[in-house]
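The next block holds one structure in the form of structure tokens; read it before the comments.
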Amino acid sequence: MRATLINHASARDAMSEQEFKYIVRIADKDLPGDKNIVYALALIKGIGINTAYALCRKLGIDTRRKLGSLTEEEILKVDEAVRELHKLGLPSWLYNRRRDPASGVDHHIVGAELVLTVKSDIDLMKEIKSWRGIRHMLGLKVRGQRTRTTGRTGLTVGVKRSKGA
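In our numbering, the protein residues as written are 1031 to 1195.
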């Protein structure tokens, strides 16, 4: 029992030496340091859980660690890897921007750049008046879903009941 108390105390002392960070900034986003590194990275727009696992494995970081326990060097390494994920040598099916229409290459976009890219893609579809662009312009469903009963907006439409019933 005494040995376990000593081990816990030494672990606590080691943690206080390193200084736990409760907020970590990666890819221009503040992430909670008390979360598992994989789930914290998944909070970045454009990074999912599978991508975060692949990223951690590629960088040699234990996926069960808390984000706040990483050293400054590890945080910088993760930040650079998130920003330039396509340079890590991961398989191309993991990227969110394959065969980019402008450049024709595979790469991965995160954060505000992803939002702007998607918006510009939608604007291009509207400009060339493709089917999807027209559906976007009209505010209708774009991916072939049914519209007869779902996706209704505005006033409720139905059968009026008579006062006597």
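A virtual CB, placed ideally from N, CA and C, is assigned to each residue, including glycine.
Treat the numbers as computed from the prediction; the structure is a model and nothing was measured.
Would you call Gly-1134 buried or exposed, if buried means 16 or more other Cβ atoms sit within 10 Å of its Cβ?
-> That one is exposed.
Give the DSSP bridge partners of Gly-1062, in chain order.
-> Correcting the residue identity first, residue 1062 is Pro in this sequence and not Gly. According to DSSP, which records beta bridges pairwise, Pro-1062 is partnered with Ile-1053.
Return helix, strand or coil for Arg-1191, following the three-state DSSP convention.
-> For Arg-1191, the secondary structure class from DSSP, reduced to helix, strand or coil, is coil.
Can you say whether Thr-1034 is buried or exposed, counting buried as having 16 or more other CB atoms within 10 angstroms of its CB?
-> Residue placement at Thr-1034 cannot be trusted, given a pLDDT of 49 that sits under 50; what the coordinates show is reported in the next sentence. By the 10 Å Cβ count, Thr-1034 comes out exposed.
Under the three-state reduction of DSSP, which class applies to His-1137: helix, strand or coil?
-> His-1137 sits in a strand when the DSSP states are folded into three classes.
For Lys-1096, three-class secondary structure by DSSP | Note: Lys-1096 maps to strand in three-state DSSP.
Assigned exposure category for Gly-1174 - 16 Cβ within 10 Å defines buried = Result: exposed.
Have a look at Asp-1092 and Ile-1105 and give me their C-alpha separation to the nearest angstrom.
-> Looking at the backbone, the Cα of Asp-1092 and that of Ile-1105 are separated by about 13 Å.
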